[in-house]
Ligand SMILES: Cc1cc2nc3c(=O)[nH]c(=O)nc-3n(C[C@H](O)[C@H](O)[C@H](O)COP(=O)(O)O)c2cc1C
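Residue numbers (our numbering): -2 to 193.
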C-alpha cells in the first residue's frame, strides 16, 4: 500500500497551503488506490538540542537508553520518509522562508549515516532513493523564484541533499493581494490538471 506523507507546516485553520495540499492528496489517492495518508504537523516537532546531536553522532549500538529515546522521534520521521511513495510538504512563506517548525523537520530528517553519509574520499552520498515530492506553498505576495524567495531554495537544497530530486512546486503566490481569489484558483487548477 502506498504511503502518502503530508508534512504540514501552517498552524492556521484557514490555511491556503493546507487546503491546497488536501486537494492534491485527494488527487494522488485517485492514482494510488488504497493509499494511506500520514500527516506530520510540524508544530509538534522539537528543536534539536545538544544532547540530541550527541545522540545522533553516537553509533546506535553504543547509545545509552536516554540517547536512544532522544533519537526515537527523528528515527521515526526518517522511517516515514523512506516508506513514503509520495511526499507532500505544505508550507506558508514566513519572512521570506519556511516556518521554524518546518526547519525543525529538516533538522530531524537530515541525519548522518541515515539519510546521507560523508565519503572517506570527500564529499557526501545521499541515502534516500528519489521519490515524487510536492511542495505546496502559499505566499502573501512574494513569487517563488524572486530575490526575496528563500523558501524554495532551502527546501530544494535540503531535499536534494538527502536524495529527493523530484520536487515539484505548486504555489499560491499572493494570498494577501487584491487578486488572491484568482491566485488560489490558479493553484487549484494546477492541481486539478496535474498528472499525478
Ligand atoms: C509571520 C508571517 C510572515 C509572513 N511573511 C511573508 C513573507 O515574507 N512574504 C510573503 O509573501 N508573505 C508572507 N506572509 C503571508 C503568508 O505567506 C500568507 O498569508 C500565506 O497565505 C500563509 O500561508 P497559509 O495560508 O497556508 O497559512 C507572512 C505571514 C505571516 C503570518
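All C-beta atoms, glycine included, are put in the ideal place defined by N, C-alpha and C.
Round the Cβ separation of residue i and residue j to the nearest angstrom and send it over; I've been treating them as touching at under 8 Å.
| i | j | result |
| --- | --- | --- |
| residue 98 | residue 40 | 5 Å |
| residue 167 | residue 139 | That pair is no contact at about 16 Å. |
| residue 131 | residue 85 | 5 Å |
| residue 95 | residue 151 | 6 Å |
Can you grab the Cα-Cα spacing for the pair residue i / residue j, in whole Å?
| i | j | result |
| --- | --- | --- |
| residue 75 | residue 159 | 11 Å |
| residue 102 | residue 176 | 32 Å |
| residue 53 | residue 104 | 11 Å |
| residue 141 | residue 24 | 23 Å |
| residue 48 | residue 64 | 8 Å |
| residue 124 | residue 156 | 11 Å |
| residue 55 | residue 5 | 30 Å |
| residue 71 | residue 46 | 12 Å |
| residue 129 | residue 174 | 31 Å |
| residue 112 | residue 106 | 7 Å |
| residue 191 | residue 164 | 14 Å |
| residue 69 | residue 80 | 16 Å |
| residue 109 | residue 136 | 32 Å |
| residue 149 | residue 172 | 17 Å |
| residue 34 | residue 16 | 15 Å |
| residue 38 | residue 8 | 8 Å |
| residue 145 | residue 10 | 26 Å |
| residue 143 | residue 178 | 21 Å |
| residue 14 | residue 169 | 8 Å |
| residue 44 | residue 91 | 18 Å |
| residue 30 | residue 67 | 36 Å |
| residue 115 | residue 12 | 38 Å |
| residue 42 | residue 189 | 31 Å |
Nearest CA to the CA of residue i: which residue from the options?
| i | options | result |
| --- | --- | --- |
| residue 162 | 153, 170, 169 and 42 | 153 |
| residue 2 | 11, 8, 10 and 73 | 73 |
| residue 89 | 70, 100, 186 and 82 | 100 |
| residue 93 | 128, 16, 147 and 80 | 147 |
| residue 127 | 110, 135, 38 and 78 | 78 |
| residue 32 | 115, 82 and 10 | 82 |
| residue 27 | -1, 51 and 35 | -1 |
Say whether the stretch 54 to 62 touches the stretch 117 to 126, bearing in mind that this needs 3 or more beta-carbon pairs closer than 8 Å, one atom from each stretch.
When C-beta atoms of the stretch 54 to 62 are compared with those of the stretch 117 to 126, fewer than three pairs fall below 8 Å, so the two segments do not count as touching.
Would you list, in sequence order, the uninterrupted beta strand (DSSP E) runs of no fewer than 3 residues that lie entirely inside the stretch 88 to 170?
Complete beta strand (DSSP E) runs here, min 3: 113 to 115, 121 to 123, 129 to 136 and 164 to 170.
Only counting runs of 3 or more residues, tell me where the beta strand (DSSP E) segments fall wholly within the stretch 19 to 99, in order along the chain.
As summarised for the stretch 19 to 99, the continuous beta strand (DSSP E) elements at least 3 residues long and confined to that stretch are 33 to 38 and 81 to 89, given in chain order.
Are at least three pairs of beta-carbons, each pair with one atom in the stretch 182 to 191 and one in the stretch 13 to 31, less than 8 Å apart?
The way I'd put it, the stretch 182 to 191 does touch the stretch 13 to 31; three or more beta-carbon pairs between them come closer than 8 Å.
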